[in-house]
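*Asks:*
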Amino acid sequence: MAANSFQSFIQRITGDVITPEHSSYIASIARWATNAQRTAKAVVYAKNTNDIVAAIAFAKENKLLFAICGGGHNASGASSAEDGIVVDLSRYLNGVRINAEERLGYAGGGALWRNVDEEAIKYGLAAVGGTVNHGLTVGGGYGWLSGQYGLALDNLQQATVVTADGSVRTASENENSDLFWAIRGGGSNFGVVAEFVFRLHPQRRKIFAGTALYPLDKVEALIETTKRWWPNIKEHEGMFQAAFSDPEGNTFMQAVFFYNGSEDEGRKNFKAFFDIGPLTDTTNEIPYEEMNAIQNHILDHGKGYYVKGFAQKEPDYAIAKAGEFSLTCLYEYFPLEKINSVPVASTAFRRMASQNILGMDKSQKARELMNEVFNTIISPAQLVPEQDKVGYVNYVATGAERQLERAHQSFGPNLPRLREVKKK
845 MAANSFQSFI
855 QRITGDVITP
865 EHSSYIASIA
875 RWATNAQRTA
885 KAVVYAKNTN
895 DIVAAIAFAK
905 ENKLLFAICG
915 GGHNASGASS
925 AEDGIVVDLS
935 RYLNGVRINA
945 EERLGYAGGG
955 ALWRNVDEEA
965 IKYGLAAVGG
975 TVNHGLTVGG
985 GYGWLSGQYG
995 LALDNLQQAT
1005 VVTADGSVRT
1015 ASENENSDLF
1025 WAIRGGGSNF
1035 GVVAEFVFRL
1045 HPQRRKIFAG
1055 TALYPLDKVE
1065 ALIETTKRWW
1075 PNIKEHEGMF
1085 QAAFSDPEGN
1095 TFMQAVFFYN
1105 GSEDEGRKNF
1115 KAFFDIGPLT
1125 DTTNEIPYEE
1135 MNAIQNHILD
1145 HGKGYYVKGF
1155 AQKEPDYAIA
1165 KAGEFSLTCL
1175 YEYFPLEKIN
1185 SVPVASTAFR
1195 RMASQNILGM
1205 DKSQKARELM
1215 NEVFNTIISP
1225 AQLVPEQDKV
1235 GYVNYVATGA
1245 ERQLERAHQS
1255 FGPNLPRLRE
1265 VKKK
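Be aware that the sequence shown starts at 845, since it is given in my numbering, and climbs by one per residue.
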């Protein structure tokens, strides 16, 4: 790559171009998971779609790796490019505006769910966001409102996408519909999304939520209570349970409760869980916009994460009951009826009749340990289809959505159409 070619490229960018000699370079390549960081040749903080077009063209002309960074919340390194070009949308393309009359939210590709939540609730509205306030839309988007309104991608109305040929396209059901279908579940494989347009929903300001911590000797009671509660889960509630050990080796189960209603309603709904006698209980009425940040302290930026996702009809708590492990194993409980009422072929996302389980570790031996956990939890007795065992695409740490040998597991019957769209 000629130096004059690179200088010419820099001059075309109206945003910022950060290279290794810049004082802010280390910050520019930092990611949520430190193991996902790569030493890019240049980080382009795009200010508009013209900057994105120029960056794509330069990467293609010079045969450089190319990556897109929105929130950088990924453990696979998908938002980084070793010795390549990274287009980062977070500095300039991060605005949010609300059309309250039409109940639409316009979010830049670099906006975080925190930005959307805080702006929308000013109008008594909410989008289906994630369970942390970082980002996730093109991979699916399970959130606390999914039981009522489906996935984040089910509520995507339109997107502005810059594709590999340098075209700036509006994608919706009525315009570039194949592209619109593909970006709803196909990940970041089909272009750079410069702007999302989401359907918004009426939302009460205060909801009931918080965490409760259970010691190891209460785990059995928690398991039995969960098994009785889960078959009758309602659309406006949800729960996470996390099994983890503290630095002293003590094992706990933490439950994160969500109820889209008042404190009285929420406490009555989850009474059986509180009757177990948790060590701590932080549940209360809180502003809705704080809900998606409730786990941020667990999943904070700047640490090493190895993540492995898989699915089960119901959780096997063998790991939690064993009481000897160094990872966090997260069980998700979302009502699936609304999510799975959407026809499989209507988006690229592979719908599953199973719950997500997320294994997460920060040690150097994480991959080996996670595979051991996977083999322990997923047993022949669990009646989960083989294609579901790869789990939710946003929880694949090894970039499996890019590996042809595993793509059929990530995308199921939608894979042939995804390949056809990719050729266009």
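Where is the CB? At the ideal position from N, CA and C, for every residue including glycine.
Please tell me whether G954 and G985 are closer than 7 Å, where the distance is taken between their beta carbons.
*Replies:* no
*Asks:* Give me, in chain order, the residues of the same chain whose beta-carbon lies closer than 6 Å to that of V940; leave out the 5 immediate sequence neighbours on both sides.
*Replies:* A951, A955, N959, V960, E963
*Asks:* Let me confirm a value: L794 is counted as buried when at least 16 other C-beta atoms fall within 10 Å, else exposed. Which label applies?
*Replies:* Limits of the chain in this structure are 845 at one end and 1268 at the other, which puts residue 794 out of reach.
*Asks:* If we ignore side chains and look at the alpha-carbon of each, how far apart do F1178 and A1026 end up?
*Replies:* 24 Å
*Asks:* Any contact between the region 895-903 and the region 1005-1013? By contact I mean 3 or more CB pairs, one from each, below 8 Å.
*Replies:* A contact exists between the region 895-903 and the region 1005-1013.
*Asks:* Would you call the CB atoms of N1104 and G973 closer than 7 Å?
*Replies:* No, Cβ-Cβ distance for N1104 and G973 is not below 7 Å.
*Asks:* Roughly how many angstroms lie between the CA atoms of K1078 and L1066, to the nearest whole one?
*Replies:* 19 Å
*Asks:* Label I1163 either buried or exposed according to how many other C-beta atoms from any shown protein chain fall within 10 Å of its C-beta, with 16 as the threshold for buried.
*Replies:* The predicted position of I1163 is uncertain, since its pLDDT is 49 and thus under 50; a value taken from the coordinates is nonetheless stated next. Under a 10 Å Cβ-count criterion, I1163 is classified as buried, with 16 or more other Cβ atoms of the shown protein chains found around its own Cβ.
*Asks:* Run the CB neighbour count on V1188, radius 10 Å, all protein chains shown included, and call it buried at 16 or more, exposed below.
*Replies:* exposed
*Asks:* Say whether the region 1101-1120 touches the region 1051-1058, bearing in mind that this needs 3 or more beta-carbon pairs closer than 8 Å, one atom from each stretch.
*Replies:* yes
*Asks:* With distances taken from CA atoms, which of G949, A944, T893 is nearest L933?
*Replies:* T893
*Asks:* Please report how far the alpha carbon of S867 lies from the alpha carbon of S1032, in whole angstroms.
*Replies:* 29 Å
*Asks:* With a threshold of 6 Å on Cβ separation, who are the neighbours of P1224 within its own chain once the five nearest residues in sequence on each side are excluded?
*Replies:* Confidence at P1224 is low in this model, with a pLDDT of 42, below 50, so its placement is unreliable and the value that follows should be read with caution. Cβ neighbours of P1224 beyond the five flanking positions: none.
*Asks:* Using the DSSP secondary-structure output, state which residues sit across from S868 in a beta bridge.
*Replies:* According to DSSP, S868 bridges with nothing at all.
*Asks:* What residues in its chain sit with their C-beta under 6 Å from that of S1016, if we drop five residues either side in the sequence?
*Replies:* Q1002, F1024
*Asks:* If I follow the unbroken beta strand (DSSP E) through A964, where does it start and stop?
*Replies:* Segment 957-964 is the alpha helix (DSSP H) holding A964; no beta strand (DSSP E) there.
*Asks:* Please state the DSSP three-state secondary structure of F1114.
*Replies:* coil
*Asks:* Quick one, are the C-beta atoms of T1095 and L1044 less than 7 Å apart?
*Replies:* Result no, Cβ atoms of T1095 and L1044 do not sit closer than 7 Å.
*Asks:* Measuring CB to CB, does T1069 end up less than 7 Å from F1114?
*Replies:* no
*Asks:* Is the beta carbon of L989 sitting closer than 7 Å to the one on R1028?
*Replies:* no
*Asks:* Please list the terminal residues of the continuous beta strand (DSSP E) segment that includes P1131.
*Replies:* 1128-1131
*Asks:* Use the C-beta contact count for I857: other C-beta atoms within 10 angstroms, 16 or more gives buried, fewer gives exposed.
*Replies:* buried
*Asks:* Is the separation between the beta-carbon of Y889 and that of D860 shorter than 7 Å?
*Replies:* yes
*Asks:* Kindly give me the distance between the Cβ atoms of I929 and A901, rounded to whole angstroms, as I take these residues to be in contact under 8 Å.
*Replies:* In fact, because the Cβ distance is near 10 Å, the residues do not count as touching under 8 Å.
*Asks:* F789 and L948 look like a contact to me (Cβ under 8 Å); what is the Cβ gap, rounded to whole Å?
*Replies:* As displayed, the chain neither begins before 845 nor continues past 1268, which places residue 789 out of reach and without an answer.
*Asks:* Would you tell me roughly how many angstroms separate the C-alpha atoms of S923 and A944, rounded to the nearest one?
*Replies:* 32 Å
*Asks:* At which residues does the alpha helix (DSSP H) containing D1022 begin and terminate?
*Replies:* 1021-1027
*Asks:* Is the separation between the beta-carbon of K1182 and that of G994 shorter than 7 Å?
*Replies:* yes
*Asks:* What residue from G968, L1262, G1121 has the CA that sits closest to R1048's CA?
*Replies:* G968
*Asks:* To the nearest angstrom, report how far apart I942 and I965 are at their CA atoms.
*Replies:* 10 Å
*Asks:* Quick check on the burial criterion: 16 or more other C-beta atoms within 10 angstroms. Buried or exposed for S1185?
*Replies:* exposed
*Asks:* Per DSSP, what kind of secondary structure is F1088 in: helix, strand or coil?
*Replies:* strand
*Asks:* Rounded to a whole number of angstroms, what is the C-alpha to C-alpha distance between S852 and E905?
*Replies:* 13 Å
*Asks:* Once you ignore the five residues that flank Q1085 on each side, which residues in its own chain have a CB closer than 8 Å to its CB?
*Replies:* L1066, T1070, M1097, Q1098, A1099, V1100, P1159, L1174, Y1175, Y1177
*Asks:* Once you ignore the five residues that flank I854 on each side, which residues in its own chain have a CB closer than 6 Å to its CB?
*Replies:* The residues are V861.
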